[in-house]
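**Q**
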Amino acid sequence: MGIYLRGWKRCLDFSGVSPRMEFWLFIALNALISLPLKLIADPVGIGLIPYDVFGYAIIIPSLAVAVRRLRDGGNSPWLIIFLLLPLIGTVVLIVLWLQRSQEPTAQRGVGSTSHSPTT
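Letter by letter, the sequence shown follows residues 0 to 118 of numbering that gives the first Met the number 0.
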C-alpha cells in the first residue's frame, strides 16, 4: 500500500524516476478502484459521477508516474506523446514501461562497466 501512496504523494512530480513495481501497482490499483465505482454507481441511480470524479482525479498522477517510469527505463519523458496515437502509441508505451530500470551513471562511476572481468 505504501508504494501506491507514494504515487499519490508524488502526483505533481514529473522529475525523478519510478520503478516498475511502483508504476504497475499504481496503474493496477487505480483500475481496481475505478471498476467497482462504475459497476456500483450506475445501477444505484447516481449515474457515473463517482467514477468520473475519480477518473479526472487520476489523470495528472497517472501521467506523472508514467513520465517517471519512462525516465527510469532510460527513455525520454517526451515519449508520453505516443498516448496521442490510438492503439499503436499505447502498445509502444507498454513495451517501454516494461523495460528494466537503468542504473544512473553517477552510481556506476565514470568509465566503469556494469560487469567487470574476473582474473
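Note that CB positions come from ideal geometry on N, CA and C, so glycine has one too.
(1) Using the rule of at least 16 other Cβ atoms within 10 Å of the residue's Cβ for burial, across every protein chain shown, is residue 102 buried or exposed?
(2) When you compare only the Cα positions, how much space is there between residue 15 and residue 65?
(3) Helix, strand or coil for residue 66 per DSSP?
(4) Could you give the first and the last residue of the continuous alpha helix (DSSP H) run that contains residue 76?
(5) Would you tell me roughly how many angstroms separate the C-alpha atoms of residue 117 and residue 62, rounded to the nearest one?
(6) Only counting the same chain, and skipping five residues up and downstream in sequence, which positions put a Cβ closer than 8 angstroms to that of residue 79?
(7) Let me know if residue 90 comes out buried or exposed under the rule of 16 or more other beta-carbons within 10 Å of its beta-carbon.
(8) DSSP state of residue 20, grouped into three classes?
(9) Please go through the same chain and pick out, in chain order, the residues whose beta-carbon is closer than 6 angstroms to the beta-carbon of residue 105, but skip the five residues on each side of it.
(10) Taking 7 angstroms as the line, does the beta carbon of residue 17 fall inside it for any heavy atom of the ligand SAH?
(11) Might you give, ordered along the chain, the residues of its own chain that have their beta carbon closer than 6 angstroms to the beta carbon of residue 24, omitting 5 neighbours on each side?
**A** For this structure:
(1) If you number the sequence shown from 1, residue 102 lands on position 103. Result: exposed.
(2) In the sequence shown, the residue the question calls residue 15 occupies position 16. In the sequence shown, the residue the question calls residue 65 occupies position 66. Approximately 11 angstroms between the Cα atoms of the pair.
(3) Taking the sequence shown and counting its residues from 1, one reaches residue 66 at position 67. Residue 66 falls in the helix class under three-state DSSP.
(4) The count along the sequence shown starts at 1 and reaches residue 76 at position 77. Element bounds for residue 76: n/a, residue is neither H nor E.
(5) Start at 1 with the first residue of the sequence shown, and residue 117 comes out as number 118. Start at 1 with the first residue of the sequence shown, and residue 62 comes out as number 63. Below a pLDDT of 50, predicted positions are generally treated as unreliable, and residue 117, at 48, falls in that range; no measurement from the model is reported.
(6) In the sequence shown, residue 79 corresponds to position 80, counting from 1. The residues are 62, 65, 66, 69 and 92.
(7) Mapped onto the sequence shown, residue 90 falls at position 91. Looking at its Cβ environment, which holds fewer than 16 other Cβ atoms inside 10 Å, residue 90 is exposed.
(8) Residue mapping note: residue 20 aligns to position 21 of the sequence shown, counting from 1. The answer is helix: DSSP assigns residue 20 an H, G or I state.
(9) By 1-based counting over the sequence shown, the position of residue 105 is 106. Confidence at residue 105 is low in this model, with a pLDDT of 44, below 50, so the placement of that residue should be treated as unreliable; the coordinate-derived value is given next. So the list is empty, once near-sequence residues are dropped.
(10) What this structure holds is no ligand at all, so the ligand SAH is not there to describe.
(11) The residue you call residue 24 lines up with position 25 of the sequence shown. Hits under 6 angstroms: 2 and 3.
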